[in-house]
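These notes concern the structure reproduced below.
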Amino acid sequence: MSTLTYATQALAQAPFADNPSTDFTDTPWWLHLVKALFVFVFLLVNTLIVIWFERRVIGRMQQRPGPNRTGPFGLLQTLADGVKLALKEDLTPKNADKVVFALAPAIAGAMAFVSFAIIPLGPTVSMFGHRTPLQLTDIPVAVLLVLAVAGVGVYGIVLAGWSSGSTYPLLGGLRSTAQVISYEIAMGLSLVAVFLYSGSMSTSQIVGAQKDLWYILPLVPSFLVYVVTMVGETNRLPFDLAEGEGELTGGFHTEYSSLKFAMFFLGEYVNMFTVSALATTMFLGGWMAPPGIAAINDGMFNHGWWGLLWFVIKLWLFMFFFVWLRGSLPRVRYDQFMRFGWKFLIPVTLAWVVVAAFMKASQLGYIAGPSLTFNGREFPVVSIAFVVVLAGAVLVIAWLRDNKKIEQDAIRNTPPPEEIDPFAGGYPVPPLPGQRLKEPSLAISAGDTATDKEATRG
């Protein structure tokens, strides 16, 4: 038997840590369809609720009632708006590419639903006499699937702007595409530390690895970067720059109406749920109960359908965060937003990935040295020293940056001189308000006159 055959058998028998921990062996094909329908209905119903929730919360923040007429507490207002959108006239611009114009909203809306397929909503439960996980599917690189689908969703935005045959939608599509791509890079880098700590890209494995400690605690920088990038990824305030009404009259979907516009609207809110669900899975233990509740009665609240409750609660905490940001912060400038993503978030996340890799390597014993025990956990001295040195370096850099900023502010606030020479730099410079010009002197010395005469005679 060849060496290749031996290697193949060994690989087939080896237990891979990054393989999904979910078991779909007792899930027939029709139950997969039922779960897919459940996920679809779950997202649609939550979208209807969150639009009403957003309008009510922002109304309360702005001291106004919000929707309160259609249905009890205005709960049917979102449904009425959806029916109104469906009954509106579907307009297509004369210069539009009609095929691509109709295809773009379908791409944007469909890609938003696909990403939710790998999110674990709960543990294994009993459905119609079968034991099946509350998850549609899982693969060893499930998180990369979400990033890939988000990249495909960008095509819906840029094609919508280009196919409209109009200037403002084209500019909005370009701005939105640049924004989404830029913040996808930082988002992907922020998840690398989670992959290092969990040893897997499977969402079920990542949730299982947080049984003792949620990753929001050891990976706080990754969590903060992800929160910023998920707001930029979904084009939400204060980062809804592709839809800046003041300069783009709505952005890439300016020329859309009726159900085509509704697809973009639906895709935006479903994307909010997707990135929030991914944040819950990566950093908040997924469907697991909070630590205090999880310890009750030998983890009773981590079994059965209880997991769906904890998952929905965590999901809606992020949705409230989205709404709170929209009601609190003004829109930033586009150049500030892009500079923040490329010059701050990406370098900081790259540096943090190196730090997280070093700390994980020291915990696994790849870096030899003594360790300190605290609360039943061992912390290598090398890691502690590394963190202290890194924190000191960050403080020194922040101190130098603050001093430089103080010097620049001092130079900027220095009052201009009262009198200037307009030809001091070799070319005329007009005076600032309040300044006076320095008059040139007409007195010529005798020595200078003689020198000029000799130069003239040759």
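Note that our numbering has the sequence shown beginning at 152, numbered continuously upward.
For every residue, glycine included, the Cβ atom is placed at its ideal position computed from N, Cα and C.
(message) Can you tell me whether Leu624 is helix, strand or coil according to DSSP?
(response) The question about residue 624 has no answer here: the residues shown for the chain are numbered 152 through 609.
(request) Can you say whether Met152 is buried or exposed, counting buried as having 16 or more other CB atoms within 10 angstroms of its CB? (result) Residue confidence is low: Met152 scores 42 on pLDDT, short of 50, so the model does not pin down where it sits. No coordinate-derived value is stated.
(message) With distance defined between alpha-carbon atoms, name the residue in Val192, Asp248, Glu205 nearest to Tyr407.
(response) Asp248
(request) Taking the CB atoms as reference points, tell me whether Lys589 and Ile571 lie closer together than 8 Å. (result) yes
(request) Just the C-alpha distance for Gly516 and Ala507, rounded to the nearest angstrom, thanks. (result) 14 Å
(request) Can you give me the start and stop residues for the beta strand (DSSP E) that Val300 sits inside? (result) Not the beta strand (DSSP E): Val300 falls in the alpha helix (DSSP H), residues 293-314.
(request) Give the straight-line distance between the Cα atoms of Leu460 and Ile557, rounded to the nearest whole angstrom. (result) 51 Å
(message) In this structure, how does DSSP classify Met611 when only helix, strand and coil are distinguished?
(response) What is shown of the chain runs 152 to 609, which leaves residue 611 out entirely.
(message) Let's test the definition: count the other Cβ atoms within 10 Å of the Cβ of Pro218 and tell me whether it reaches 16, buried, or not, exposed.
(response) buried
(message) Just to confirm the assignment, what range does the beta strand (DSSP E) spanning Met278 have?
(response) 273-278
(request) Give the DSSP-derived three-state secondary structure of Thr432 in the structure shown. (result) helix
(request) Determine the burial state of Ser479: buried for a count of at least 16 other Cβ atoms within 10 Å of its Cβ, exposed for fewer. (result) Exposed, since its Cβ has fewer than 16 Cβ neighbours within 10 Å.
(request) Within its chain, find whatever has a CB closer than 8 Å to the CB of Val499; leave out the 5 residues flanking it on each side and keep chain order. (result) Pro372, Val376
(request) Quick one: give me the first and last residue of the beta strand (DSSP E) that Arg482 is part of. (result) Looking at the DSSP string, Arg482 is not in any beta strand (DSSP E), and its letter there is neither H nor E.
(request) Take Leu417 as the anchor and find which of Phe191, Pro216, Thr173, Arg552 has the nearest alpha-carbon. (result) Phe191
(message) Tell me the residue span of the alpha helix (DSSP H) that contains Leu496.
(response) It is not in any alpha helix (DSSP H) - Leu496 carries neither H nor E in the DSSP assignment.
(request) Mark Lys465 as exposed unless 16 or more other C-beta atoms lie within 10 angstroms of its C-beta, in which case mark it buried. (result) buried
(request) Quick one: grab the DSSP three-state call for Glu406. (result) coil
(message) Taking the straight line between their C-alpha atoms, what separation do you get for Pro389 and Glu569?
(response) 43 Å
(message) Along the chain, where does the beta strand (DSSP E) containing Pro284 start, and where does it finish?
(response) 281-285
(request) Check the DSSP bridge columns for Arg587 and list the partner residues they point to. (result) Glu570
(message) Please classify Leu551 as buried or exposed, where buried requires at least 16 neighbouring CB atoms within 10 angstroms.
(response) exposed
(message) For Lys239, which residues in the same chain have their Cβ closer than 8 Å to its Cβ, ignoring the five residues on either side in sequence?
(response) Ser408, Ser409
(message) Between the alpha carbons of Gln286 and Gln361, how many angstroms are there, rounded?
(response) The alpha-carbon of Gln286 is positioned some 18 Å away from that of Gln361.
(message) Going by C-alpha to C-alpha distance, which of Ala263, Pro441, Gly436, Pro284 sits closest to Val299?
(response) The identity of residue 299 in the sequence shown is Ala, whereas the question assumes Val. Checking every option, the nearest Cα to that of Ala299 belongs to Ala263.
(request) Report buried or exposed for Ala255, applying the criterion of at least 16 other Cβ atoms within 10 angstroms of its Cβ. (result) Flag for Ala255 reads buried.
(request) Identify, in the order they occur along the chain, each residue of the same chain with its Cβ nearer than 8 Å to the Cβ of Leu155, setting aside the five sequence neighbours on each side. (result) Note on Leu155: pLDDT 35, under 50, position unreliable in the model; the coordinate value appears next. Excluding positions up to five away in sequence, the list is empty.
(message) Which residue wins for smallest C-alpha separation from Gly492, given the options Ala575, Leu340, Ser172, Leu272?
(response) Out of Ala575, Leu340, Ser172, Leu272, Leu340 has the C-alpha closest to the C-alpha of Gly492.
(message) Mapping the DSSP letters down to three states, classify Thr380 as helix, strand or coil.
(response) The three-state reading of DSSP puts Thr380 in helix, counting H, G and I together.
(message) Taking the alpha carbon of Leu322 as the reference point, which residue from Thr405, Ile209, Phe412, Thr431 has its own alpha carbon closest?
(response) Thr405
(request) Tell whether a beta-carbon distance below 8 Å holds between Trp470 and Ser427. (result) Trp is not the amino acid found at residue 470; the sequence shown has Met there. Going by C-beta atoms, Met470 is nearer than 8 Å to Ser427.
(request) Return helix, strand or coil for Pro179, following the three-state DSSP convention. (result) coil
(request) Report buried or exposed for Pro274, applying the criterion of at least 16 other Cβ atoms within 10 angstroms of its Cβ. (result) buried
(request) Answer yes or no: do Leu272 and Trp438 have a C-beta to C-beta separation smaller than 8 Å? (result) yes
(request) Determine the direct distance from the alpha carbon of Thr354 to that of Ile270, and round the result to whole angstroms. (result) 7 Å
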